[in-house]
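In terms of our numbering, the sequence shown opens at residue 9 and continues consecutively. Glycine is no exception: its CB is placed at the ideal position from the N, C-alpha and C atoms.
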Amino acid sequence: MSGSNSLPPGAPLPVPVDEPLGLTVHSLPTPEQAVQPDGQRTRRGRLKMLAVLLICAAPVIASYFTYYIVRPEGRRNYGELIDPQRPLPELGATTLNGKPVSLRSLKGQWLLVSVAPSRCDATCEKHLYLQRQMREGLGKDKDRLDWVWLVTDDQPVRTELQPALARATVLRVDPQALAQWLQPAAGRNLSDHLYVVDPLANWMMRFQPMVQGSKIDTASASKAKRDLERLMRASAWWDTAGRD
9 MSGSNSLPPG APLPVPVDEP LGLTVHSLPT PEQAVQPDGQ RTRRGRLKML AVLLICAAPV
69 IASYFTYYIV RPEGRRNYGE LIDPQRPLPE LGATTLNGKP VSLRSLKGQW LLVSVAPSRC
129 DATCEKHLYL QRQMREGLGK DKDRLDWVWL VTDDQPVRTE LQPALARATV LRVDPQALAQ
189 WLQPAAGRNL SDHLYVVDPL ANWMMRFQPM VQGSKIDTAS ASKAKRDLER LMRASAWWDT
249 AGRD
């Protein structure tokens with residue numbers, strides 16, 4: 009049959025030739041090569057864990073980044089940001105009735121602070137008015153902000169001011185101790201400004217003077233109010249009304 013390998017009758021069988029058995033030898037991995045996949049898996053695991061943490065922290069980062077860093081329209085805030093922020097110290101104070109309290113007890117709410125002696129001149133009165141109006145102007149967010157008057161002497165507060173202070177927090181403080189925390193702009197007095205303190209008890213903003221003589225600079229007051237509104241929006245996800 010064509011193509012057949014069969015031998016003709018009577019032909020001798022071929023003699024097999026002894027040849028060495030061929031083996032393919034694969035080298036064993038070194039210890040470094042053996043642990044390399046484990047190291048890669050560890051690095052990938054760490055990267056995944058970091059990604060999860062970043063996702064969880066994203067709202068926190070975004071709120072601060074939005075307010076403190078991103079300013080697509082240039083300088084959007086009217087108030088001067090305090091950098092670094094200055095934490096509220098363990099500063100003693102007393103109520104108008106003489107009850108001792110710590111300023112740290114104010115922690116947990118946004119604070120809009122004014123500073124003035126008890127006689128409360130025209131600038132002081134306008135500041136108290138602005139504090140009340142700016143808080144009321146926050147609408148549903150007003151309960152997240154307290155307005156505070158820090159009185160820098162031990163003299164009685166005028167009786168006619170008492171009704172206007174019904175919703176305010178009024179505390180007497182030592183002016184020298186207070187000056188270690190709040191500070192005015194260069195060439196200004198402590199009583200010329202309104203100050204913003206965050207719920208973590210950090211002084212973080214100082215408003216430029218909004219009272220000229222006995223008149224309120226309404227344009228400046230409007231800008232300051234917008235700053236407060238932006239602060240409320242930026243912190244809405246983590247800050248709620250009331251103290252813990």
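With the cut-off set at 8 angstroms, would you say residue i and residue j are in Cβ contact?
i: Leu136; j: Trp157; result: yes
i: Leu239; j: Trp155; result: no
i: Asp200; j: Pro217; result: yes
i: Tyr86; j: Ser228; result: yes
i: Pro97; j: Gln184; result: no
i: Arg180; j: Ala101; result: yes
i: Arg214; j: Ile90; result: yes
i: Lys233; j: Met142; result: yes
Ordered along the chain, which non-local residues of its own chain (more than five positions away) have a Cβ less than 8 angstroms from that of residue i?
i: Leu29; result: Because Leu29 sits at a pLDDT of 49, beneath the cut-off of 50, its placement in the model cannot be relied upon, and the point is left open.
i: Glu144; result: Lys150
Residues bridged to residue i by DSSP?
i: Trp246; result: DSSP, once it has assigned bridges, lists no residue as partnering Trp246.
i: Val109; result: Ala101
i: Gln220; result: Lys223
i: Arg180; result: Thr102, Val159
Could you pull the start and end residues of the beta strand (DSSP E) that residue i belongs to?
i: Arg175; result: That residue, Arg175, is in no beta strand (DSSP E); it is neither H nor E in DSSP.
i: Gln93; result: 88 to 95
i: Asp154; result: 153 to 159
i: Asn210; result: 210 to 215
i: Leu202; result: 202 to 205
i: Val121; result: 118 to 124
For residue i, which residues in the same chain have their Cβ closer than 7 angstroms to its Cβ, ignoring the five residues on either side in sequence?
i: Arg51; result: none
i: Pro95; result: Ala209, Asn210
i: Pro254; result: What is shown of the chain runs 9 to 252, which leaves residue 254 out entirely.
i: Leu31; result: Any reading at Leu31 must be qualified, since the residue scores a pLDDT of 49, below 50, and its modelled position is unreliable; the value itself is stated next. Answer for Leu31: no residue qualifies.
List the endpoints of the continuous alpha helix (DSSP H) containing residue i.
i: Arg143; result: 130 to 144
i: Leu186; result: 183 to 186
Taking the alpha carbon of residue i as the point to measure from, which residue in the options has its own alpha carbon closest?
i: Leu138; options: Arg127, Ser126, Val121, Arg152; result: Val121
i: Asp177; options: Leu208, Glu98, Leu104, Leu55; result: In the sequence on display, residue 177 carries Thr and not Asp. Checked all of Leu208, Glu98, Leu104, Leu55; the closest Cα to Thr177 is Leu104.
i: Ala249; options: Lys115, Asp151, Asn210, Ala124; result: Asp151
i: Val123; options: Tyr203, Met213, Gln93, Pro207; result: Tyr203
i: Asp129; options: Ala194, Asp182, Val159, Asp225; result: Val159
i: Arg175; options: Asp247, Ile224, Val219, Arg140; result: Arg140
i: Ser222; options: Glu133, Lys231, Lys233, Leu55; result: Glu133
i: Trp246; options: Gly53, Asp161, Asp206; result: Asp206
i: Ser126; options: Leu114, Asp161, Val109, Gly116; result: Asp161
i: Gln191; options: Met212, Leu173, Ala172, Pro171; result: Met212
i: Leu111; options: Ala194, Leu198, Ala193, Asp182; result: Asp182
i: Lys148; options: Met57, Ala193, Glu237; result: Glu237
i: Glu88; options: Lys107, Glu168, Ala193; result: Ala193
For residue i, I'd like the list of residues in its chain whose CB is within less than 6 angstroms of its CB, leaving aside the five on either flank, ordered along the chain.
i: Thr131; result: Val219
i: Leu99; result: Leu111, Ala185
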